[in-house]
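Visitor:
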Amino acid sequence: MGRWWVVALSEAVHGDKALAVTCEGEQLAVFRDGKGAVFALEDRCPHRRVPLSPGPVKAGGLQCPYHGWTFDGATGLCNDIPNLRRDERVPARYAARAFPAAEANGFIHVWRGAGTPAAVLPGASYRAAGREQTGSAVANIAFEQYLDVMLDGPECLLSFPGVHITDFFLGDPRRDGEHLVLDRGAVWKGKGNGPAFVRDHSLWVRTRVPLRGGDIRVELLSADEEPLVTIFIAASENRRGTTSLVWRGFRHATAAPLSWRWRMARAIGRAPFAIFPHIDGAAAAALEVAPSRDRRLAKTDARTPAERVVPVQERCVV
1 MGRWWVVALS EAVHGDKALA VTCEGEQLAV FRDGKGAVFA LEDRCPHRRV PLSPGPVKAG
61 GLQCPYHGWT FDGATGLCND IPNLRRDERV PARYAARAFP AAEANGFIHV WRGAGTPAAV
121 LPGASYRAAG REQTGSAVAN IAFEQYLDVM LDGPECLLSF PGVHITDFFL GDPRRDGEHL
181 VLDRGAVWKG KGNGPAFVRD HSLWVRTRVP LRGGDIRVEL LSADEEPLVT IFIAASENRR
241 GTTSLVWRGF RHATAAPLSW RWRMARAIGR APFAIFPHID GAAAAALEVA PSRDRRLAKT
301 DARTPAERVV PVQERCVV
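Okay, so the sequence shown: first residue is 1 according to full-length UniProt numbering, each after it adds one.
(1) To test your reading of the DSSP string, which unbroken beta strand (DSSP E) runs of 3 or more residues are found completely within the region 98 to 145?
(2) Once the 5 residues before and after residue 319 are set aside, which same chain residues still bring their CB inside 6 Å of it?
(3) Compare the beta carbon distance of Ala253 and Gly106 with 8 Å and say whether it is the shorter of the two.
(4) Leaving out five residues on either side along the sequence, give the residues of the same chain with a beta carbon under 8 Å from the beta carbon of Gly194.
(5) Within the same chain, show all residues whose beta-carbon is closer than 7 Å to that of Gly60, passing over the 5 residues directly before and after it, in chain order.
(6) Nearest by alpha-carbon distance to Ala8: which of Asp167, Ala101 and Asn83 is it?
(7) Taking Leu211 as the reference, give the member of Ala119, Ser292 and Gly76 with the closest Cα.
(8) Per DSSP, which residues does Phe160 bridge with? Please list them.
(9) Please confirm whether Phe39 has its beta-carbon closer than 8 Å to some beta-carbon of chain C.
(10) In the DSSP assignment, what are the bridge partners of Leu182?
(11) What number of angstroms, rounded off, separates the C-alpha of Gly214 from the C-alpha of Lys189?
(12) Taking the CB atoms as reference points, tell me whether Glu125 and Ala274 lie closer together than 8 Å.
(13) Hey, would you say the C-beta of Lys299 is under 7 Å away from at least one heavy atom of the ligand GTP?
(14) How many Å lie between Tyr94 and Arg206 at the Cα?
(15) Taking the straight line between their C-alpha atoms, what separation do you get for Phe197 and Phe168?
(16) Here's the rule: buried if 16 or more other CB atoms are within 10 angstroms of the residue's CB, otherwise exposed. What is Gly185?
(17) So, with DSSP's three-state summary, where would you put Lys189?
Here you go:
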């Protein structure tokens, strides 16, 4: 079955140029037509296999920069070859692969795989409620490892100013549909001495990591579970063992400033979070494989959610 993947920020695709992206290891050219509709084609011309993305966007679609063939964004069909006479028809076999594309909440999605595209887009769950910080990058870590590290040690992948993310889990990972959710303790830097398991955790970091797909949600919460910062990170497999990242996030406008570092960061315009494109390999390798093991096991479990519910009598140990 196929699925929607977030491949770009909405504002990154504009004008008469295409954007080259990589999703599930495949190179795509994403562009808009004159009405603002978004389209995605394989970033390869079927004529000479050169990239399409450097070419201009024309009224008929995306034009190859090499020989000027133009391809319709919705179907991928070639609708213009400059050296053909106007009465000659372009053979239907001259087509680039087209992928369904859609837009929601500042994210551009592309449908990859078989089946009819699902109605719900991953980006539809994101709603900004404060000033946004956005970005994109290619991280030097494999896709599946990125998801695992997000559970085992998110401090290797991101940070919040003035916040220390601990390795203390506030409960076991829990299944929420096709995601695994985990809470861990965090403290303001300089607060709370001693081992993590005896500290009072004034903050929580909640990570919501997909079993399949690449839509990740990270939240910084107060101990009362008041949301302070929300981040939506879209990850997908890039080439050569790397991961494509696209993100949007914000500090909640209603969140009270809980530390002087937080107030100072706001005063100087510092972002409420940072996403790391360059991963410290030694730090990631030192992480204990813990909640990510649950993600791997849940991912391979083909049973339906109802079938995964173990009867009470089977859970009891005599």
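Beta carbons are placed, not taken as given, at the ideal position from N, Cα and C, and that holds for glycine.
Guide: For this structure:
(1) Here the runs fully enclosed are 101 to 104, 107 to 112 and 132 to 139.
(2) In the structure displayed, the chain extends from 1 to 318; residue 319 sits before or after that span and is not available.
(3) In this structure, Gly106 does not lie closer than 8 Å to Ala253 by Cβ.
(4) Note that Gly194 scores 49 on pLDDT, short of 50, meaning its location in the model is unreliable and no value can be drawn from it.
(5) Result list for Gly60: Thr70, Asp72, Asn79 and Asp80, in chain order.
(6) Answer by Cα proximity: Ala101.
(7) It is Ser292 whose Cα lies nearest to the Cα of Leu211.
(8) In DSSP, Phe160 forms no bridge with anything.
(9) Protein chains in the displayed structure number just one, and chain C is not present.
(10) DSSP, once it has assigned bridges, lists Thr207 as partnering Leu182.
(11) Between Gly214 and Lys189, the C-alpha separation is close to 30 Å.
(12) Reading the sequence as shown, one finds Ser at residue 125 and not Glu. Cβ distance not < 8 Å, so Ser125 and Ala274 don't count as in contact.
(13) Ligands in the displayed structure: none, and consequently the ligand GTP is not present.
(14) Rounded to whole angstroms, Tyr94 to Arg206 spans 49 Å at the Cα level.
(15) Annotation note: pLDDT 46 at Phe197 (below 50); position unreliable, no value reported.
(16) A residue is called buried when at least 16 other Cβ atoms come within 10 angstroms of its Cβ; Gly185 meets this threshold and is buried.
(17) Here DSSP, grouped into helix, strand and coil, assigns Lys189 to coil.
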